[in-house]
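Chemist: Pasting a structure here, questions to come.
Number of protein chains: 2
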Amino acid sequence: MILFNQVAIVGTGLIGGSIGMALKKNHICRQVIGVSFHKRSIDLAKRKKAIDTGSQSLKIIKDADLVILATPVELILKLAPQIARVIKKDCIIIDVGSTKEGIVAKLGKLFPNYIGTHPLTGSEKRGIVNAKEDLFKNSSCLLTPTRNTAVFVRKRIEELWVRLGARVFYLSPDKHDEALSFISHLPHIAAFALIGVIPGKFLNFASGGLKDTTRIAASDSELWTDIFLNNQKNLLRAIHEFEGKISLIKQAIKKKNRKLLNKILAEAKSKREAL
Amino acid sequence: MILFNQVAIVGTGLIGGSIGMALKKNHICRQVIGVSFHKRSIDLAKRKKAIDTGSQSLKIIKDADLVILATPVELILKLAPQIARVIKKDCIIIDVGSTKEGIVAKLGKLFPNYIGTHPLTGSEKRGIVNAKEDLFKNSSCLLTPTRNTAVFVRKRIEELWVRLGARVFYLSPDKHDEALSFISHLPHIAAFALIGVIPGKFLNFASGGLKDTTRIAASDSELWTDIFLNNQKNLLRAIHEFEGKISLIKQAIKKKNRKLLNKILAEAKSKREAL
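Residue numbers (the numbering used here), protein chains in the order written: chain A, 578 to 852; chain B, 578 to 852.
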């Protein structure tokens with residue numbers, strides 16, 4: 578069943594491109610339009626059948642029934658006013674940004690038919706070149722409605738994500754950012770810091786443990802600088818908690834407190850096993 | 578080619594059991610004998626063809642040409658004097674413990690034909706039930722000779738590990754423990770601390786990033802308590818470095834220092850990509 582006539586994706590990278598591929602594969606809309614500042618990204622998106630047509634200009638999205646903002650957070654905030662001037666009146670807008678409080682506050686004012694969404698998937702890899710049509714299969718997607726979100730917008734966007742393969746959860750924008758500071762942003766901080774302190778001369782001996790623990794440190798640095806600064810308040814609190822736990826473990830090692838150390842590790846183990 | 582007549586493995590768990598399976602599969606010795614305090618472990622090791630025969634008593638190792646100590650570090654230190662009283666004079670001894678300074682100092686005195694080894698492989702899973710014959714294929718194994726290690730011992734044990742599938746590197750015991758504090762022990766600390774601070778209510782939303790970053794936090798808590806305390810001095814220094822990097826990132830986020838933050842993340846990214 579067709580859910581939208583024309584869908585426009587602004588930002589045809591890993592997430593935007595994968596959405597396009599999944600939209601077309603699952604016959605969710607009649608036409609997918611792509612916007613990217615990079616002509617190569619548009620060309621590749623066409624070749625990967627992520628979009629039917631594309632442009633470097635936002636004018637192309639004027640007839641879209643759904644616009645998906647899939648650029649980094651800072652660019653979503655910057656492009657939103659221009660997009661508001663182009664789209665037709667009953668167009669639905671979503672974004673897929675990794676932080677939500679700031680975006681939802683701004684976009685909720687600009688667009689009458691808006692809801693924030695955040696697919697919890699992705700990769701340390703970026704770009705349309707890594708896009709794939711099943712990226713959202715068996716993933717989770719967080720929707721962040723506000724009291725102003727119309728029911729028909731929420732329902733259609735829930736259906737969209739379900740048809741893309743995701744389980745949908747609802748969270749307020751502030752709870753979303755708190756949750757993400759712990760389950761995504763803090764792990765990235767830990768991974769960046771961890772690989773950062775390993776002396777180069779020992780990297781030869783890296784085994785599976787170090788590789789897994791630091792995989793996400795290969796993520797794009799500008800994208801994550803952006804995300805960290807956009808979730809500053811929550812993230813500083815999460816880092817504080819993490820520092821406290823590290824310090825506790827350090828003290829137990831310093832004092833050779835075997836019992837306390839084993840207790841901390843055993844609690845962590847059972848929590849990890851429940852994941 | 579047969580490298581040893583009879584090999585005894587003390588501790589038929591994940592590592593010991595996998596060594597047994599690989600020894601037999603690759604025809605490296607004529608007979609494999611297993612010792613474990615747990616009768617079930619011996620029975621299962623026999624069934625998995627990791628050992629030919631086994632016992633809960635150390636007496637069974639008296640005719641072995643090679644004894645492999647594959648118990649946790651504390652138990653290696655505890656069993657070593659008993660083993661020294663049982664073995665024949667020209668028996669070669671190795672251990673596979675995760676820390677080396679303390680073990681090599683003690684075992685080097687007890688056994689004339691000893692060399693420390695550390696296969697850098699394994700899993701968050703334990704026990705003979707998870708043992709597999711190809712565990713060491715394409716892995717690295719660190720050998721930690723001292724000035725007292727006889728050349729024939731070093732050569733035969735190097736050949737043993739190469740035939741088990743590993744690349745062999747040589748490090749002094751103290752360099753080994755320094756290297757491991759960074760490439761293995763610190764990542765475990767980070768993983769245990771990270772999962773430890775994630776609020777339970779958010780675990781539902783865990784995606785690949787958190788799962789990979791904390792996989793090794795499912796490791797055995799007693800084993801790792803043991804390892805952390807046995808590498809106290811190096812590990813405290815590695816934790817100190819890690820805390821410093823976390824603090825630097827935190828300050829950059831606090832001060833919204835985009836340039837510094839991006840620089841730290843970009844350095845980490847390029848280091849991770851080189852892994």
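Here a beta-carbon is modelled for each residue, glycine too, at the ideal position from N, C-alpha and C.
Around the Cβ of Lys827/A, are there at least 16 other Cβ atoms within 10 angstroms (buried) or fewer (exposed)?
Modeler: buried
Chemist: What ranges does the alpha helix (DSSP H) occupy inside the region 728-756 of chain A, keeping only unbroken runs of at least 4 residues that lie completely in it?
Modeler: 728-740
Chemist: Quick one: give me the first and last residue of the beta strand (DSSP E) that Gln809/A is part of.
Modeler: Run containing Gln809/A: none in the beta strand (DSSP E); it sits in the alpha helix (DSSP H), 809-831.
Chemist: CA-CA distance, Tyr747/B and Ser761/B?
Modeler: 17 angstroms
Chemist: Taking only beta-carbon atoms, is Arg849/A less than 8 angstroms away from chain B?
Modeler: At a cut-off of 8 angstroms between beta carbons, Arg849/A contacts chain B.
Chemist: To be precise: take each residue of the region 721-745 of chain B, compare its Cβ to all Cβ atoms of chain A, and keep it if any distance is under 9 angstroms. Which residues remain?
Modeler: Going along the region 721-745 of chain B in chain order, one finds no residue with a Cβ nearer than 9 angstroms to chain A.
Chemist: For the alpha helix (DSSP H) that Phe769/B lies in, which residues bound it at each end?
Modeler: Note, Phe769/B: alpha helix (DSSP H), 763-774.
Chemist: For the 8 angstroms Cβ check, are there 3 or more pairs between the region 766-781 of chain B and the region 842-850 of chain A?
Modeler: yes
Chemist: List, in order along the chain, the chain B residues whose C-beta lies closer than 7 angstroms to that of Ile772/A?
Modeler: Ala845, Lys848, Arg849
Chemist: Since Ser798/B and His765/B should fall inside the 8 angstroms C-beta cutoff, what is the C-beta to C-beta distance between them, to a whole number of angstroms?
Modeler: No, Ser798/B and His765/B are not in contact; Cβ-Cβ is about 10 angstroms, not under 8 angstroms.
Chemist: Excluding the 5 residues preceding and the 5 following Lys602/A in the sequence, name in chain order all residues of the same chain whose CB lies nearer than 7 angstroms to its CB.
Modeler: Closer than 7 angstroms at Cβ, skipping near neighbours: Glu710.
Chemist: Cβ closer than 7 angstroms: which chain A residues qualify as neighbours of Ala768/B?
Modeler: Within 7 angstroms Cβ-Cβ: Thr790.
Chemist: Can you find a CB in chain B that lies within less than 8 angstroms of the CB of Ile692/A?
Modeler: No, because no Cβ of chain B sits closer than 8 angstroms to the Cβ of Ile692/A.
Chemist: So what does DSSP say about Gln633/B, is it helix, strand or coil?
Modeler: coil
Chemist: Bridge partners of Cys718/B, per DSSP?
Modeler: Pro696/B, Val745/B
Chemist: Taking CB distances under 8 angstroms as the criterion, tell me whether Leu712/B reaches chain A.
Modeler: No, Leu712/B lies away from the interface with chain A (no Cβ there is under 8 angstroms from its Cβ).
Chemist: Name the chain A residues that come within less than 9 angstroms of Leu652/B, Cβ to Cβ?
Modeler: Going along chain A, no residue has its Cβ under 9 angstroms from Leu652/B, so there is no contact; the nearest lies around 14 angstroms.
Chemist: If we ignore side chains and look at the alpha-carbon of each, how far apart do Ile579/B and Val644/B end up?
Modeler: 16 angstroms
Chemist: Output needed for Ile669/B: all residues of its chain with C-beta closer than 6 angstroms, excluding positions within five of it in sequence on either side, in chain order.
Modeler: Leu643, Asn690, Val730
Chemist: Beta-carbon within less than 7 angstroms of Ser717/B's beta-carbon, same chain only, minus the 5 sequence neighbours each way: which residues are those?
Modeler: Leu697, Ala743, Arg744, Phe746
Chemist: Compute the Euclidean distance between the alpha carbons of Arg733/A and Ile671/A, then round it to the nearest angstrom.
Modeler: 11 angstroms
Chemist: Rounded to the nearest angstrom, what separates Phe688/A and Ala661/A at their Cα positions?
Modeler: 7 angstroms
Chemist: What number of angstroms, rounded off, separates the C-alpha of Ile596/B from the C-alpha of Lys752/A?
Modeler: Cα to Cα, the separation comes out at about 49 angstroms.
Chemist: Please report the residue range of the alpha helix (DSSP H) in which Arg662/A lies.
Modeler: In this chain, the alpha helix (DSSP H) harbouring Arg662/A covers 650-663.
Chemist: Measuring only the C-alpha atoms, how far is Ala708/B from Arg624/B?
Modeler: 12 angstroms
Chemist: Out of Ile705/B, Lys677/B, Ile804/B, which one is the CA nearest neighbour of Asp620/B?
Modeler: Ile705/B
Chemist: Just to confirm before moving on: does the CB-CB distance between Ile793/A and Glu701/A stay below 8 angstroms?
Modeler: Cβ atoms of Ile793/A and Glu701/A: closer than 8 angstroms.
Chemist: Would you please verify whether the beta carbon of Lys636/B is less than 8 angstroms from any beta carbon of chain A?
Modeler: no
Chemist: Can you look up Val587/B in the DSSP assignment and give me helix, strand or coil?
Modeler: strand
Chemist: Is Gly773/A buried or exposed, if buried means 16 or more other CB atoms sit within 10 Å of its CB?
Modeler: buried
Chemist: Name the two residues that bound the continuous alpha helix (DSSP H) containing Ile841/A.
Modeler: Note, Ile841/A: alpha helix (DSSP H), 835-850.
Chemist: I'd like the list of long-range same chain contacts for Phe713/A, defined as Cβ closer than 8 angstroms, with 5 residues on each side in sequence excluded.
Modeler: Ser595, Ile596, Ala599, Pro696, Thr698, Trp738, Leu741, Gly742, Ala743
Chemist: Are Leu852/B and Lys788/A touching if we call contact CB-CB under 8 angstroms?
Modeler: yes
Chemist: Compare the C-beta of Arg835/A with all C-beta atoms of chain B and state if any pair is closer than 8 angstroms.
Modeler: yes
Chemist: Under 9 angstroms Cβ-Cβ, which residues of chain B neighbour Gln809/A?
Modeler: Under a criterion of Cβ atoms nearer than 9 angstroms, the residues of chain B adjacent to Gln809/A are, in order, Ile830, Lys831, Lys833.
Chemist: Measure the Cβ-Cβ separation of Thr723/A and Gly685/A and say whether it is below 8 angstroms.
Modeler: yes
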